[in-house]
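Beneath this line is the structure, given in structure tokens, with notes to follow.
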Amino acid sequence: MATVFKPMMTGLAAALLAWNGAALAAQDGDRITSFILSSGGLAQIERHVRATDHSSIKLPVPLEQVDDVLKSLVVHDPGGRATSIVLDGEAPVQEAFSRLPFGPEALSSPAALAAALPGMQVRASSGGRTVQGRVLGVEPPRDEDPGALLSVMTQENQVHALRLGADTVLELMDDSLPRRLQAALQASGQRQADTMRTLDIALSGTGERDVMFTYVVAAPVWKSAYRLSAAKDGKARLQAWAVIENASGQDWDAVKVTLVSGAPVTLSQRLYQRYWHTRPELPVAAGAVEAPRADTSAMMEMAEAPMAKAAAPVLQSFAAGRAAMPAPAPQAPSAAREGQTSVRYELPEPISVAAGQTASVPFIDTRVQAEQVSVFQPERGGLHPVAAVWLKNSTLASLPPGILTVYDDQAGHVGDAQLTSIPVGESRFIYFAEDGKVEVRSEQHPQERLSELSISQGVLRAQRLLRREAVYTVKGAADAPRTVIIEHPRTQGWKFESDQLAGETATHYRLRVEVPAQGSATVRAVMSRQDQQAVALMETDEQVLAAWSANAADDRTRRNLQRLADLRRELADAQRQEQALDEQLDDAAENQGRVRDNLAAVPDDSALGQRYLAALEKEEDRIDTLRQRRQAAKQETANRRKALEEGLSAR
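Straight run, no breaks: the sequence shown in the working numbering ends on number 1049.
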């Protein structure tokens, strides 16, 4: 069957696009019933579709979600099971044109298509003439000839030429080429018309039934926005609103929404992308090759490997008293379920959100334990503490992280804060402003003393008590009393003591003090540590030994250390004397060598020669004297070392 191509290809493309839109329309009864939004940036979607007997359900999915759907799709068919999932490839246009001898660029005009079909049988008409034969080529149009020139060879071996104009009709005479070209045009129009893929899911079952599809895809992260209205009775009203976006591509019509807060591991893989294994190329062997080794051994069969063996509502709303908090949520608070690694908040009522819209829905409204305090953090380097609310999660589920707006029951909005995740029963400081009416000054008093000192086998062992006292002076506010919490940093290996210790965290000790209006308070904290040190006394100089003796814990140890310091000083003096004689000997030897060189340069019987000879004799005498003195110094050093060793071994 021949196919006719005219320049009006836009009409064909429009028809194909219209067909494609109908093909990708949602299946009858296709509806989204549930969204489970995760703080990990994923959404678990539940869709329901009506099915009858052995049927094929077409499930449209956005192109960017195909990998996730192929990874996670679960089919719940009460009357059967899913047998296969088929969808178009990642690049259907390229695949369709890969079966043709030309690319999409050849479809711009009949002349471009004919030029891409050399040797193919065609029939072309233009300007009242018709030619038929195999394409020889197409000459591009010239300035004087606006139309391209098609050349064909007829069955009679005659070459005919036809000038192609606006009325050109090109007919393909090959039987297989038109079908492949129609498929390529259809794929091209379909992919340009949308960014969806249709999953053709084959079901094997009986009867009319509701089939549920569950899958997990990427979704915008839902956000928590808290409102905290602090009161003076140790309680506060806490509201939490979730900000969610409908980026599913479909409207939510009475969809059940569940919010999940946690830190799940989320992975993605390009399952939709085609991968090819690169094989090594084996060269063609020409000529004789070496004969293979003869097989002379029986094969041992490998043993078969053994088979592997395999909540109740959290929050209640309450009657708001005099507070700056916005109006209560228009619906009941959510129910929560605490899991091992996450917490789920199920909104009590389905919600409707159009595709692309953003919604804010409340999921917490309750009263919690709260206390207003001022927290001083020395690491900040300032004088003023930070105003905070000490919030305890007295609900039945963990609070997800989010931004928090703080209201005061009298002053209204007083600041914003970051709320970190708070597990059930734990407390956190909510910092929202600087308390400029309170000043805290700190002083550090380091101390060090020996608690124990002993000498054994020439080794001094000492235990030092290191002590750091921190004194915090708090000047209170003029208008009202304050509860001040001082966060003193922890230091690994140090013992902490303070009468005002109220608690501790992994990084700080918390000291609590009540400061009256126009009053002041002092907070003391002491950190101590026992430090052990071992010193080889033979290698320790006299200054260090003298310092140890001054800090000795008892008179006997002090006298022993002083005696050792004296012996070490005497040894050091002997060593310095020996070193000085060595330096003098080196200087004398250098001077002697210089005199020898000068003597060799003048006649022996000259006056200058006689002078150099006398100087040489003088240096010889000096060297002999220095050698004797150095020998005596070495002996003195040896004696002093022996005396020190005996003094060390005696203790």
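Yeah, the Cβ is synthetic: ideal placement off N, Cα and C, and Gly gets one too.
None of the values given here were measured: they were computed from a predicted structure.
Fill in: Cβ pair Ala-923, Ala-972 closer than 8 Å
no
Worksheet item: Sorted by chain position, which residues of the same chain lie with C-beta nearer than 7 Å to Gln-767's C-beta, five sequence neighbours on each side aside?
Response: Gly-632, Lys-633, Lys-790, Ser-792
Worksheet item: What is the DSSP secondary structure of Gln-553, counted as helix, strand or coil?
Response: coil
Worksheet item: Expressed to the nearest angstrom, what Euclidean distance is found between the alpha-carbon atoms of Glu-554 and Arg-532?
Response: 11 Å
Practice prompt. Below 7 Å CB to CB, which residues in the same chain sit around Pro-1001 once its five sequence neighbours on both sides are set aside?
Written response: Gly-1007
Worksheet item: Helix, strand or coil: which one does DSSP assign to Gln-770?
Response: strand
Worksheet item: Where does Glu-537 sit, in a helix, a strand or coil, going by DSSP?
Response: strand
Worksheet entry | Simplified DSSP state of Trp-650, which is helix, strand or coil | strand
Worksheet item: Rounded to whole angstroms, how far is the Cβ of Ala-963 from the Cβ of Ala-987, which I believe are closer than 8 Å?
Response: No, Ala-963 and Ala-987 are not in contact; Cβ-Cβ is about 36 Å, not under 8 Å.
Item to complete: Taking Leu-789 as part of the beta strand (DSSP E), name the residues at either end of that continuous run.
Response: 784 to 790
Discussion item. Between which two residues does the beta strand (DSSP E) holding Gly-810 run?
Written reply: 810 to 817
Item to complete: With a floor of 4 residues, list each alpha helix (DSSP H) that falls wholly inside the region 852 to 889, ordered by position along the chain.
Response: none
Item to complete: Decide if the region 500 to 514 is in contact with the region 643 to 650; the criterion is three or more beta carbon pairs, one per stretch, under 8 Å apart.
Response: no
Worksheet item: Excluding sequence positions up to five away, which residues of its chain have a Cβ less than 6 Å from the Cβ of Ala-932?
Response: Val-857, Arg-859
Worksheet item: Is it true that the region 474 to 481 meets the region 599 to 615, where meeting means three or more beta-carbon pairs spaced less than 8 Å apart?
Response: yes
Worksheet item: Does any C-beta atom of chain B lie closer than 8 Å to the C-beta of Ile-1021?
Response: Going by chain labels, chain B is absent from the structure shown, which holds only one protein chain.
Discussion item. Once DSSP output is grouped into helix, strand and coil, what is the label at Tyr-624?
Written reply: strand
Discussion item. So, does the region 606 to 625 touch the region 435 to 446, judging by three or more C-beta pairs under 8 Å?
Written reply: yes
Worksheet item: How far does the beta strand (DSSP E) with Gly-1007 in it reach, from first residue to last?
Response: It is not in any beta strand (DSSP E) - Gly-1007 instead sits in the alpha helix (DSSP H) that spans 1005 to 1047.
Fill in: Residues that DSSP places opposite Phe-433 in a beta bridge
Ile-443, Val-655
Worksheet item: If we call anything under 8 Å between Cβ atoms a contact, is His-811 one with Asp-608?
Response: no
Fill in: Met-518 (DSSP reduced to helix, strand or coil)
coil
Worksheet item: Buried or exposed: which applies to Ser-1065, given that a residue is buried once 16 or more other Cβ atoms fall within 10 Å of its Cβ?
Response: Since the displayed the chain opens at 399 and closes at 1049, residue 1065 lies outside it and no answer follows.
Worksheet item: Taking three-plus beta-carbon pairs below 8 Å as touching, is the region 652 to 660 in contact with the region 738 to 757?
Response: yes
Discussion item. Check whether the region 448 to 455 and the region 666 to 676 touch, using three or more Cβ-Cβ pairs below 8 Å as the test.
Written reply: no
Worksheet item: For Met-925, which three-state DSSP category applies?
Response: strand
Practice prompt. May I have the straight-line CA-CA distance separating Val-467 from Leu-457, to the nearest angstrom?
Written response: 11 Å
Fill in: Residue range of the unbroken alpha helix (DSSP H) whose run includes Leu-680
Where Leu-680 is concerned, there is no enclosing alpha helix (DSSP H), given that its DSSP letter is neither H nor E.
Worksheet item: Just the Cα atoms here: how many angstroms apart are Leu-781 and Asp-833?
Response: 10 Å
Practice prompt. Mark His-886 as exposed unless 16 or more other C-beta atoms lie within 10 angstroms of its C-beta, in which case mark it buried.
Written response: buried
Fill in: Rounded C-alpha distance that separates Pro-690 from Thr-676
Low local confidence applies: a pLDDT of 49 at Pro-690 is under 50, so the model's placement there is unreliable, with the coordinate-based value given in what follows. If you take the alpha carbons of Pro-690 and Thr-676, they lie about 27 Å apart.
Worksheet entry | Start and end residues, beta strand (DSSP E) containing Leu-802 | 800 to 806
Fill in: Same chain only: Cβ atoms within 6 Å of Tyr-829, ignoring 5 sequence neighbours per side
Val-784, Ala-786, Ala-815
Worksheet entry | Sheet register partners of Met-594 (DSSP bridge) | Pro-460
Worksheet item: So, helix, strand or coil for Gln-930, using DSSP?
Response: strand
Worksheet item: Taking all protein chains shown into account, do 16 or more other C-beta atoms lie within 10 angstroms of the C-beta of Leu-680, making it buried, or fewer, making it exposed?
Response: exposed
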